[in-house]
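Residue numbers (the working numbering), protein chains in the order written: chain E, 74 to 784; chain F, 7 to 121.
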């Protein structure tokens, strides 16, 4: 990491190193020169002392001349002369050849050889004078130390002193001046060095500062640029983007879209689960916490836990500015974010997947619609064929009208708008008829087409091409209507309701709404024999009372449907197979009787009875158990009444498998619903192994007004 | 090692390995058996179902990880309860594959697990 950043900081590091080296060099030089200056000062002092000593020697000689030998004054002067000579000689030597001398305070002072030419010549000259002078002085001391007459040697020494004294003083003075000037030039040198060093250090310092400032400015610019770009990205991006840390706290920066998606004003710095509190369940929140913890666990493979994300589709209801709630589907994606190779945060992306979800739901819906089309086709079995035929004829007429409206030339938006309004009226009429016949597919399709048309009406600019979507929808509907028509024709040939076929009707002299005739109910025999045959059973149907009561045609059709359900039920669930019947000492053919009778003014009774094996309550109980819809101990406590209720419940059947006639478990619930709708009652009586009887009490409806009110 | 109480799933997982990317050393139909087999064969990679008789996947994962810190466990389970899946990973599994899965998905997941 350090080596990576060195490039960026190399300049600054070199500068700082230079600064330090410069400082250190100046300091070392300073020390060195200041030591030299201190040495020079000692030299100046000692050369000054030489001047003084030369004079003291002369003074001591003159004192010896004036004081009598053997006196105290003579000895003192002699002693002073001796010390002065020694000190002068020693010092002069040291100046000439280097060495140590005794300083003023008695300590030893080292003296370097004087290098300066003027200095060294002064020393040389002084030595030339001193050497003979010193011989004379030494002779004096030899005489003093021996019992000789000292006068001749004293006179000689004094004469030498007179001759040399002033010269010696001059040379020593010259030496002092020379040494002083050397010291002074060194001090000047030191000042120059210091000034230069400090100047260079200052230049270096300013360089460093300048460099730093420039670099800071550059990096600030880069940071600022990056910040601006990040802000721009966060403001523009269509997803909610933010980071959460290990404590599930949302980072300070997030995309602007996030607030809108989550419907939360304050998001930054908040706890993620608090922000999501209102839109996810407590359990999902807990799962989310666990999931994010997994993402922070480096051991777990990020790519292999995506399926565990609990927030792949969160449905939220968020109020918009007008206060109305909008349903949205959000998807929260989580991804690890690394810093220095470690998982530092989890990046959360919030996506609005409403469109995808809606599309998926629509696909699912259309898939179901496909299924329901099939269901509807089978349910056509129960629809009044003549009504269906009329409906289909009307539809065809409507479609023709719509097509001709569509093909009329129209240029302006206004014309096209009028066109769509006209078509809307046709479709709306069609929808009404489909709803009346309970033809859900037609009704729903018409509803969707109405939506398309109202969108067109509300559109500001309208062109011919805008009708494209509607045209496709219309094509689909027309083709479906064609299929239904074909099927209806086939059903007619199949004989479900032959008497109601228009072709047959044309041959019949009597109109449909004449009082009931036996023929109207003829279809029941056909159904019973068909179903019985399909199930390998033999059945004898006994009908009675159907010609006695006049019923409004549509109501009659409904009662007939009820009867068909009950008869089917009796054939499939009631009557046993011929083998079983023989084993129970019954005749091969089961007997089913259906009976319609007026029991009071406005009330009738529909009775369906079979001599089959009756209701086996225990079998039904076991059947309920296998469905797994109820708890076992509840099933154990069920009364017979509960079990009969079960028989009338949708989705429950005792038939071994699914067949055309039974097993879907919707027949008996349809019976119950119809009876309820008519305001009637159902009575069930049964004896195991003997019979089962359904008695329906129903109103007599003979006028169409009453039917309309009921329907 | 393949751990699943359904022999069909066990066979399906084994069949995915037609490319011979992995060498199946052991199979087990419950947690206890898996734990025994693990001690004998010491597989490096384990596919683990969660709902099993005797010892369930959650306990089994914990015990296997106790025994071998480096074992790589891929949970292969239906996604009825995400919280259980998360718990399995907390117990020491490293990946989760949702049933039903394709051959390719399984091989990819196993390769991801060992890389």
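We treat Cβ as the ideally placed atom computed from N, Cα and C, and that holds for glycine.
Beta-carbon gap between residue i and residue j smaller than 8 Å
i                     : j                     : result
residue 611 (chain E) : residue 643 (chain E) : no
residue 330 (chain E) : residue 310 (chain E) : yes
residue 85 (chain E)  : residue 285 (chain E) : yes
residue 101 (chain F) : residue 85 (chain F)  : no
residue 80 (chain F)  : residue 99 (chain F)  : yes
residue 671 (chain E) : residue 622 (chain E) : yes
residue 269 (chain E) : residue 182 (chain E) : no
residue 87 (chain F)  : residue 58 (chain F)  : no
residue 383 (chain E) : residue 357 (chain E) : yes
residue 770 (chain E) : residue 754 (chain E) : yes
residue 342 (chain E) : residue 320 (chain E) : no
residue 317 (chain E) : residue 387 (chain E) : no
residue 209 (chain E) : residue 191 (chain E) : no
residue 327 (chain E) : residue 349 (chain E) : no
residue 530 (chain E) : residue 470 (chain E) : no
residue 61 (chain F)  : residue 38 (chain F)  : yes
residue 686 (chain E) : residue 649 (chain E) : yes
residue 322 (chain E) : residue 315 (chain E) : no
residue 213 (chain E) : residue 128 (chain E) : no
residue 64 (chain F)  : residue 44 (chain F)  : no
residue 31 (chain F)  : residue 47 (chain F)  : yes
N- and C-terminal bounds of the alpha helix (DSSP H) containing residue i
i                     : result
residue 190 (chain E) : 190-218
residue 95 (chain F)  : 88-96
residue 243 (chain E) : 224-309
residue 518 (chain E) : 513-531
residue 638 (chain E) : 626-642
residue 364 (chain E) : 355-369
residue 110 (chain F) : 109-120
Closest by C-alpha distance to residue i, when choosing among the options
i                     : options                       : result
residue 631 (chain E) : E:720, E:774 and E:503        : E:774
residue 618 (chain E) : E:628, E:681 and E:192        : E:681
residue 369 (chain E) : F:103, F:44, F:111 and F:95   : F:95
residue 690 (chain E) : E:667, E:720, E:677 and E:701 : E:720
residue 66 (chain F)  : F:18, F:97 and F:116          : F:97
residue 196 (chain E) : E:184, E:248 and E:160        : E:248
residue 633 (chain E) : E:748, E:151, E:403 and E:466 : E:748
residue 225 (chain E) : E:137, E:673 and E:615        : E:137
residue 118 (chain E) : E:131, E:174 and E:130        : E:174
residue 668 (chain E) : E:679, E:658, E:381 and E:659 : E:679
residue 376 (chain E) : F:103, F:34 and F:44          : F:103
residue 82 (chain F)  : F:49, F:105, F:34 and F:40    : F:105
residue 262 (chain E) : E:488, E:109, E:435 and E:552 : E:109
residue 752 (chain E) : E:675, E:698, E:712 and E:699 : E:675
Boundaries of the beta strand (DSSP E) in which residue i is found, first to last residue
i                     : result
residue 772 (chain E) : 764-772
residue 172 (chain E) : 172-175
residue 409 (chain E) : 398-412
residue 678 (chain E) : 676-683
residue 614 (chain E) : 612-617
residue 102 (chain F) : 101-105
residue 185 (chain E) : Careful: residue 185 (chain E) lies outside any beta strand (DSSP E) and carries neither H nor E.
residue 80 (chain F)  : 78-84
Secondary structure of residue i, DSSP reduced to three states
i                     : result
residue 62 (chain F)  : coil
residue 52 (chain F)  : strand
residue 553 (chain E) : helix
residue 112 (chain E) : helix
residue 7 (chain F)   : coil
residue 722 (chain E) : coil
residue 121 (chain E) : helix
residue 345 (chain E) : helix
residue 139 (chain E) : helix
residue 668 (chain E) : strand
residue 387 (chain E) : strand
residue 330 (chain E) : helix
residue 760 (chain E) : strand
residue 324 (chain E) : strand
Residue i CB to nearest heavy atom of the ligand ADP below 7 Å
i                     : result
residue 464 (chain E) : Looking for the ligand ADP in the displayed structure turns up nothing, as the structure carries no ligands at all.
Between the region 114-128 of chain E and the region 260-279 of chain E, are three or more C-beta pairs nearer than 8 Å?
no
At least 3 beta-carbon pairs within less than 8 Å: the region 690-707 of chain E vs the region 650-659 of chain E:
no
Count Cβ pairs between the region 367-381 of chain E and the region 395-413 of chain E that sit closer than 8 Å; are there 3 or more?
Yes, the region 367-381 of chain E is in contact with the region 395-413 of chain E.
I want to know whether the region 493-502 of chain E touches the region 521-537 of chain E - three or more CB-CB distances under 8 Å.
yes
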